[in-house]
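Below: the structure, in structure tokens.
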Amino acid sequence: MELELKQVRNTLIVRIEGELDMLAADQIREDIDKKIDNSEIKNLILNLEKVTFIDSSGLGMIIGRYKKLKGKNGRMFIAGARPQVEKILYFSGINKLISVYRNEQDIINLQGR
Amino acid sequence: MNVRNYCKLEIMSLPENVSFARACVGAFASQLGCTLEEIDEIKLVVSEAVSNSIIHAYENRGTELITIVVSLLDGRTLEIIVEDYGKGIEDVARVLQPSYSSEPSRMGLGFSFMKSFMDELEVISRPGEGTSVQMRRSFVSKDNEAYA
Numbered sequence: 272m273e274l275e276l277k278q279v280r281n282t283l284i285v286r287i288e289g290e291l292d293m294l295a296a297d298q299i300r301e302d303i304d305k306k307i308d309n310s311e312i313k314n315l316i317l318n319l320e321k322v323t324f325i326d327s328s329g330l331g332m333i334i335g336r337y338k339k340l341k342g343k344n345g346r347m348f349i350a351g352a353r354p355q356v357e358k359i360l361y362f363s364g365i366n367k368l369i370s371v372y373r374n375e376q377d378i379i380n381l382q383g384r
Numbered sequence: 004m005n006v007r008n009y010c011k012l013e014i015m016s017l018p019e020n021v022s023f024a025r026a027c028v029g030a031f032a033s034q035l036g037c038t039l040e041e042i043d044e045i046k047l048v049v050s051e052a053v054s055n056s057i058i059h060a061y062e063n064r065g066t067e068l069i070t071i072v073v074s075l076l077d078g079r080t081l082e083i084i085v086e087d088y089g090k091g092i093e094d095v096a097r098v099l100q101p102s103y104s105s106e107p108s109r110m111g112l113g114f115s116f117m118k119s120f121m122d123e124l125e126v127i128s129r130p131g132e133g134t135s136v137q138m139r140r141s142f143v144s145k146d147n148e149a150y151a
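Order-wise, the sequence lines are chains A and B.
Okay, so the first sequence: first residue is 272 according to the working numbering, each after it adds one.
Okay, so the second sequence: first residue is 4 according to the working numbering, each after it adds one.
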């Protein structure tokens, strides 16, 4: 699993590559929380373009970050999930809480309006 | 049902082994001629069952054993059995309820995925002795479809 974190003003962009299971979820949770807890970050864009697999541990990590940001009056977005990952996001109902977009740019355009 | 092929895998209860277990079962399932989407679903249910053993049965102790037995029955049915020797489940009916979770960070979706993506799911558990999760799913292979 590869992880890239980039901060743009008060938004954290997290790009994940690989399989999002319990092993990856623990590491990602730790890295994101470290960033959120030690900065002014309020919004999170989770880029799943290169995620090839997700299970309930991965979904739990996502929903946990959503709750954390909600507590800071922040927002969370998901970008670029592949069909097999998107299917699991919709099955879990996460898409009812977190908006799922085609790519990062769509979210940035939306925020700019 | 006749067993046409069989594979037994024993792993230590480490998070690193979850991806190995699902990849092995996915590769075994590919001989059924199922689609890539179906293989993804098989990998998902294996991931859920093995993760449950690590997190719940062994409470994240990485020194225990998990056994995964996968069988091909009558050429079109895949049977997957995931067994641990951990603390067991007191009330199986309760954990099979939708969205039940003793661990909020995993959303209680594990058994929901297993029920949804497999035709049959049976959970046999003895508190203090362990749990056996038995799943079956039948596939219509592309070869069979051609003769249908």
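Backbone N, C-alpha and C fix where the C-beta goes; we use that ideal spot for every residue, glycine too.
Where residue i falls, given that 16 or more other Cβ within 10 Å makes a residue buried
i, result
"Lys153 (chain B)", "Any question about residue 153 (chain B) goes unanswered here, given that chain B covers just 4 to 151."
"Glu132 (chain B)", "exposed"
"Arg336 (chain A)", "buried"
"Asp122 (chain B)", "exposed"
"Pro101 (chain B)", "exposed"
"Asp304 (chain A)", "exposed"
"Ala52 (chain B)", "buried"
"Ser128 (chain B)", "buried"
"Asp87 (chain B)", "buried"
"Lys11 (chain B)", "exposed"
"Asp94 (chain B)", "exposed"
"Met4 (chain B)", "exposed"
"Glu125 (chain B)", "exposed"
"Ser22 (chain B)", "buried"
"Ala149 (chain B)", "Note on Ala149 (chain B): pLDDT 42, under 50, position unreliable in the model; no value is reported."
"Val143 (chain B)", "exposed"
"Arg302 (chain A)", "Strictly speaking, residue 302 (chain A) in this sequence is Asp, with Arg absent from that position. Looking at its Cβ environment, which holds fewer than 16 other Cβ atoms inside 10 Å, Asp302 (chain A) is exposed."
"Val279 (chain A)", "exposed"
"Gly342 (chain A)", "exposed"
"Val6 (chain B)", "exposed"
"Leu283 (chain A)", "buried"
"Glu19 (chain B)", "exposed"
"Phe116 (chain B)", "buried"
"Ser310 (chain A)", "exposed"
Contact set between residue i and chain B, taken where Cβ atoms lie within less than 8 Å
i, result
"Leu315 (chain A)", "Per Cβ cutoff of 8 Å: no residues; Leu315 (chain A) is ~17 Å from chain B at best."
"Asp308 (chain A)", "Within 8 Å Cβ-Cβ: nothing; Asp308 (chain A) doesn't reach chain B, min ~17 Å."
Per-residue contacts from residue i into chain B (C-beta, under 7 Å)
i, result
"Gln382 (chain A)", "Correct list: empty, because the minimum Cβ distance to chain B is about 27 Å."
According to DSSP, residues forming a beta bridge with residue i
i, result
"Cys10 (chain B)", "B:Val73"
"Ile338 (chain A)", "Here residue 338 (chain A) turns out to be Lys, not Ile, going by the sequence shown. In DSSP, Lys338 (chain A) forms no bridge with anything."
"Asn314 (chain A)", "A:Thr282, A:Arg346"
"Glu132 (chain B)", "Glu132 (chain B) pairs with nothing; no bridge assigned."
"Asp87 (chain B)", "B:Ile69, B:Thr134"
"Ile369 (chain A)", "Partner(s): none; Ile369 (chain A) has no beta bridge."
"Met15 (chain B)", "B:Leu68"
"Val126 (chain B)", "B:Val136"
"Val322 (chain A)", "A:Gly289"
"Lys277 (chain A)", "A:Ile284"
"Leu99 (chain B)", "None; Leu99 (chain B) has no bridge partner."
"Ser2 (chain B)", "In this structure chain B extends from 4 to 151, so residue 2 (chain B) is not present and cannot be described."
Proximal chain A residues relative to residue i, where beta-carbon distance stays under 9 Å
i, result
"Pro101 (chain B)", "The premise fails here: Pro101 (chain B) is roughly 11 Å from chain A at the closest Cβ pair, so nothing lies under 9 Å."
"Glu40 (chain B)", "Pro354, Gln355, Lys358"
Partners in chain B for residue i, counting only beta-carbon separations shorter than 9 Å
i, result
"Asp292 (chain A)", "Pro18, Val21, Ser22, Arg25, Ser50, Ser54"
"Asp302 (chain A)", "By Cβ distance, chain B contributes nothing, its closest Cβ being about 16 Å from Asp302 (chain A), past 9 Å."
"Ser370 (chain A)", "None at all; the shortest Cβ gap to chain B is about 18 Å."
Chain E within 8 Å of residue i, Cβ atoms only
i, result
"Glu86 (chain B)", "The structure shown contains no chain E; its protein chains are A and B."
Residues within the segment 22–36 of chain B neighbouring chain A, beta-carbon criterion of under 7 Å: Ser22
Closer than 8 Å between beta carbons: that is the criterion. Which residues of the segment 44–62 of chain B meet it against chain A? Lys46, Leu47, Ser50, Glu51, Ser54, Ile57, Ile58
Note down, in chain order, all residues in the segment 114–127 of chain B with a beta-carbon under 9 Å from any beta-carbon belonging to chain A. Ser115, Phe116, Ser119
Taking only beta carbons into account, state which residues of the segment 341–355 of chain A come closer than 7 Å to chain B, listed in chain order. Gln355
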